[in-house]
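Trainee: Structure provided below as structure tokens; questions to follow.
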Amino acid sequence: MKKGTYKDLTGQKYNRMTLLSLDRIDGHARWLCRCDCGKEVVVRGHEVVSGKIKSCGCFSRERKVERITAWSKLPYKEKGLSGRKRSDGYIYLRRPDHPAASTEGYVAAHRIAAEEKIGRLLKQNEVVHHWDEQPTNNAPANLCVFRSNSPHFRLHLYAKRHGIKIETLKFDQPWLCLSN
Ligand SMILES: [Zn+2]
Ligand SMILES: [Zn+2]
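With my numbering as the guide, the letters of the sequence shown map in order to residues 904 to 1083.
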């Protein structure tokens, strides 16, 4: 297709994107755009005009942070952390915006609660332990995060071998966890 069949959008602004110049045509007219944040990207012009693309990506990132922040400000009871449990004994929350969400958009509630407690996202191999061994009790004081399952397993083994309730180790061996 000839360049002339495309509308000249030079200098037009839609949402955060200003169209600077036609970059190339391959099936669609691709425009070099400058986002309000200063980043320049090449995207399909018609998607900018239709509003499908609103920014370089900074807009949706900001919205995501806003949603997570709004949720974390909710009182504990309203976070839904004590919702219905699944067959594996854990509670799952629908949080499609969460980086660790399953393909269906769910995240284990105890992992979200632990993230709240330690103030950052959990790494994939980090394990959340429930001190009272009730997988639905996601109160912050009941949770502790282990670097991996190996020290977590050792804790359970230690309690079993010595015939003691695991909860009694909470204060005796706090160094086992990142946070308790
Ligand atoms: Zn941007
Ligand atoms: Zn455990």
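Cβ coordinates follow ideal geometry from the N, Cα and C atoms, glycine included.
1. Do the region 917 to 929 and the region 952 to 963 meet, that is, are 3 or more Cβ pairs less than 8 Å apart?
2. Could you tell me the distance, in whole angstroms, from the CA atom of TRP1034 to the CA atom of LYS1026?
3. Pull up the distance between the alpha-carbon of CYS936 and that of ARG1023, whole angstroms please.
4. On the three-state DSSP scale, how would you describe ALA1011?
5. Looking at the secondary structure, which residues open and close the alpha helix (DSSP H) in which ARG989 lies?
6. DSSP has ILE928 in a bridge; who is on the other side?
7. Could you tell me which of ASN1052, TYR995, ILE971 sits nearest to GLU1007, measuring between CA atoms?
8. Please go through the same chain and pick out, in chain order, the residues whose beta-carbon is closer than 6 Å to the beta-carbon of PRO999, but skip the five residues on each side of it.
9. Taking the CB atoms as reference points, tell me whether VAL1048 and ALA1017 lie closer together than 7 Å.
10. According to DSSP, is ILE994 part of a helix, a strand, or is it coil?
11. Among the candidates VAL945, GLY941, ASP939, whose CA atom is the shortest distance from the CA of ARG933?
12. Taking all protein chains shown into account, do 16 or more other C-beta atoms lie within 10 angstroms of the C-beta of ILE1067, making it buried, or fewer, making it exposed?
13. On the three-state DSSP scale, how would you describe ARG1023?
14. For TYR909, which of helix, strand or coil comes out of DSSP?
15. Provide the residue span of the beta strand (DSSP E) that contains HIS1033, from first to last.
16. In the DSSP assignment, find the unbroken beta strand (DSSP E) run with GLU943 in it and report its ends.
Mentor: With the given structure in hand:
1. Short answer: they touch.
2. By 1-based counting over the sequence shown, the position of residue 1034 is 131. By 1-based counting over the sequence shown, the position of residue 1026 is 123. The alpha-carbon of TRP1034 is positioned some 20 Å away from that of LYS1026.
3. Looking up residue 936 in the sequence shown gives position 33. Looking up residue 1023 in the sequence shown gives position 120. C-alpha separation (whole angstroms): 34 Å.
4. Your numbering for residue 1011 matches position 108 in the sequence shown. DSSP places ALA1011 in strand when its eight states are reduced to three.
5. Here residue 989 is taken as the residue at index 86 of the sequence shown, counted from 1. Counting along the chain, ARG989 falls outside any alpha helix (DSSP H), and DSSP gives it neither H nor E.
6. Stepping through the sequence shown from its first residue, residue 928 is reached at position 25. In the DSSP output, where bridge partners are listed per residue, ILE928 has ALA932.
7. Position 104 of the sequence shown holds residue 1007. The closest CA to that of GLU1007, considering only ASN1052, TYR995, ILE971, is found on TYR995.
8. As a position in the sequence shown, residue 999 is number 96, starting the count at 1. Closer than 6 Å at Cβ, skipping near neighbours: GLY1008.
9. The count along the sequence shown starts at 1 and reaches residue 1048 at position 145. The count along the sequence shown starts at 1 and reaches residue 1017 at position 114. Here VAL1048 is near ALA1017, since their CB atoms are less than 7 Å apart.
10. Mapped onto the sequence shown, residue 994 falls at position 91. DSSP places ILE994 in strand when its eight states are reduced to three.
11. Stepping through the sequence shown from its first residue, residue 933 is reached at position 30. Relative to the Cα of ARG933, the nearest Cα in the group VAL945, GLY941, ASP939 belongs to VAL945.
12. On the sequence shown, residue 1067 is found 164 positions in, with the first residue counted as 1. ILE1067 comes out exposed.
13. The count along the sequence shown starts at 1 and reaches residue 1023 at position 120. Here ARG1023 carries a coil assignment [DSSP, helix/strand/coil].
14. If you number the sequence shown from 1, residue 909 lands on position 6. Coil.
15. The sequence position of residue 1033 within the sequence shown is 130, counting from 1. Looking at the DSSP string, the run of the beta strand (DSSP E) that includes HIS1033 is 1030 to 1033.
16. Walking along the sequence shown from the start, residue 943 turns up at place 40. In the DSSP assignment, GLU943 falls within the beta strand (DSSP E) that extends over 943 to 947.
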